[in-house]
Each structure stands twice: as structure tokens, then as C-alpha cells.
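Just below is one structure, and these are the notes that go with it.
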Amino acid sequence: MDLSQLKIPTHVSVIMDGNGRWAKKKGKPRTFGHKRGAEVVMDICRDADDLGIRYMTIYAFSTENWSRPDLEVKTLMLLFGKYLKICYDEAMKNNMRVRIIGNTSALAPDLQEMIRVLEEDTRMFTGFNLQIAINYGSRDEMLRAMKRMMRDYKDGKISEDDVDEACFGSYLDTADIPDPDLMIRTSGELRLSNYLMWQHAYSEFYFTDTPWPEFNRAELVKAIEAYTARDRRYGKVKEL
Ligand code: FPP
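This is the structure in C-alpha cells:
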């Protein structure tokens, strides 16, 4: 398909799966796969921006990932630290806004501080929007949202009649970010894995066997081609 014929999604969400299996196949430790995976992230952000995608949300660490071996968790946390620095420089160069979603209060204080500065210093940027999910789980996000709503209810800031989809959405970590149009999961698993369950209500899903460390611009274009060919109806009657 000619690139000009592509229907470009505004927001693409990604489950970057398969780092461990990719590394194992090469006879390397799982952490090798994560390092390569982190490099791929920046390339894909550039490609996405170049193709006209406005928002990308990547699943870097789930609330369930703490149960992985200690060394793997430590390596991932170190990678996040390194990556957030790279991200900061990239954001400054390219007018990119970066937000972290998830329960960041459980992260190391130095990571929390980096996140605060990165979000604060890129708040006014109007280019590409990158959201990184760290210690993120949809159920956890919804429970945190619910608790804040209950506090606001108790304090008289909202009433029962105020509670609609827009109101609930405004309590989620993704407040002000449009819902994903297209969700991509690499490496063959066909699950949502507690990822943006509210926000994915009407998203198109694209699954590929390609492991994340091998994901590239051509793979992204393939996903957008599949998206372009879909008939998106949002529950409406099909137009003939
Ligand atoms: C899933 O692969 C991947 C993760 C749990 C972590 C994703 C992290 C990265 C891509 C690198 C770091 C990201 C940033 C933003 C710096 P897996 O380990 O479950 O692979 P497997 O299914 O083959 O075991």
C-alpha cells in the first residue's frame, strides 16, 4: 500500500512483548533483550512521529512485573533511569511531551524525581506525545481513580450526578489523552494483560509474531495497513 493511502491513527498503544524469548534464542540473558528493546523504543517513536501519529503509549513495566527475578527487575529499573535521560534530551530537541502513567509512588525516589522533571519540563511541548507505562496495571489505575473520586465526593467536589464516562476518564492516569485507536502487541500473545482496559474499549487490535527487539518501521507500517483496512463503526450500523 502506498503510504499516502494509509489512515494514520492518532494514538497507538504498544505491548512490547518478546524481549526475553528473543534474547534466549540468541543464547543471551533476558536482560539483553530488554536492552535491545529499549533501543527500539526511540527508533519507533521517531518513525511514529514521522508517519503522523500524535500519541504513543508503551507498556514498559506492569504491576505484575515485580514478581520477575530480582536481577531482571533491577536491570529494567536501571534501563528506565538511563532511558528517561535519553528521552529528556530527545524531548528537548523534538518538542516531544512525555508522560508516565502507572503508580509511580512505588518507584525509587531518584526515578520519581526524574519523572517529575521530565513531565514538568515537557508539559508545554506540542509535538509528539509519548506515554510510558511504568508500574502500570489497568485494575490498579481504576482503583486509584475510584479512591480519588470517593475523596472528592466526600469533600463535596463532585456529586453522584457528575459521574459519567468523561468524569471517570478524568480521574485516570490518561486524563487529557485521547483513547488509543490502534493497539499493537508483539511476539504472538493474544492478550490485553491488564493494559488500558477502559481506554481500549473501541480500539482496533493488531497482533504480530515479531518480537519487540525486531520491531521496526516496516512492521509499524504493516500494523497501520491492517488498521487502514478495518471498518471502524463504534457500534453504529454499517454504511452500505
Ligand atoms: C516484555 O517482554 C517486556 C517487558 C516486560 C518490558 C518492556 C521493556 C522494554 C522494551 C525495555 C525498556 C523500556 C523502556 C521504555 C526503557 P518479556 O520479557 O515478557 O519477553 P518474553 O515474553 O519473551 O519473556
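Residue numbers for the sequence shown, in my numbering: 36 to 275.
Note that beta-carbon positions come from the ideal geometry of N, C-alpha and C, so glycine has one too.
As the structure is a computational prediction, the values presented were derived from the model and not from experiment.
Quiz item: Can you give the Cα-Cα distance for Lys-61 and Ile-193, rounded to whole angstroms?
Solution: 55 Å
Exercise. Look at the alpha carbon of Thr-286 and the alpha carbon of Asp-82, and state the distance between them as a whole number of angstroms.
Key: This structure leaves residue 286 out entirely; the chain is present only between 36 and 275.
Practice problem: Please confirm whether Ser-140 and Thr-92 have their CB atoms less than 9 Å apart. | Solution: no
Quiz item: When you compare only the Cα positions, how much space is there between Leu-178 and Ser-39?
Solution: 42 Å
Practice problem: Consult DSSP for Ala-143 and reduce its assignment to one of helix, strand or coil. | Solution: coil
Quiz prompt | Range of the contiguous beta strand (DSSP E) that encloses Phe-96 | solution = 90–97
Quiz prompt | Cβ pair Gly-87, Asn-130 closer than 9 Å | solution = no
Quiz item: Are the beta-carbon atoms of Gly-68 and Arg-56 separated by less than 9 Å?
Solution: yes
Quiz item: Hey, would you say Ile-169 sits closer than 9 Å to Ile-135, going by beta carbons?
Solution: yes
Exercise. Check whether the Cβ of Pro-104 lies closer than 8 Å to any heavy atom of the ligand FPP, and answer yes or no.
Key: no
Quiz item: Is the shortest distance between the beta-carbon of Ile-219 and the beta-carbons of chain B less than 9 Å?
Solution: Here there is only one protein chain, and chain B is not present.
Quiz item: If we call anything under 9 Å between Cβ atoms a contact, is Glu-154 one with Val-133?
Solution: yes
Exercise. Look at the alpha carbon of Ala-180 and the alpha carbon of Glu-254, and state the distance between them as a whole number of angstroms.
Key: 35 Å
Quiz item: Per the contact definition of three or more C-beta pairs closer than 8 Å, is the region 213–225 in contact with the region 235–249?
Solution: yes
Quiz item: Where does the unbroken beta strand (DSSP E) through His-46 begin, and where does it stop?
Solution: 46–50
Quiz item: Around the C-beta of Asp-52, are 16 or more other C-beta atoms found within 10 angstroms, so that it is buried, or is it exposed?
Solution: buried
Practice problem: Work out the CA separation of Ile-167 and Ile-43 for me, nearest whole Å. | Solution: 21 Å
Quiz prompt | DSSP-derived helix/strand/coil call for Ala-168 | solution = strand
Quiz item: What is the DSSP secondary structure of Glu-107, reduced to helix, strand or coil?
Solution: helix
Quiz item: In its own chain, which residues sit with a C-beta less than 7 Å from the C-beta of Ser-228, not counting the 5 before and 5 after it?
Solution: Ile-50, Ser-97
Exercise. Rank Ala-236, Glu-224, Glu-74, Pro-144 by C-alpha distance to the C-alpha of Asn-251 and give the top, closest one.
Key: Glu-74
Quiz item: So what's Phe-115 in DSSP terms, helix, strand or just coil?
Solution: helix
Practice problem: Return helix, strand or coil for Phe-250, following the three-state DSSP convention. | Solution: coil
Self-check item: Same chain only: Cβ atoms within 8 Å of Arg-65, ignoring 5 sequence neighbours per side
Solution: Asn-54, Gly-55, Ala-58, Lys-59, Glu-107
Quiz item: Per DSSP, what kind of secondary structure is Ile-43 in: helix, strand or coil?
Solution: coil
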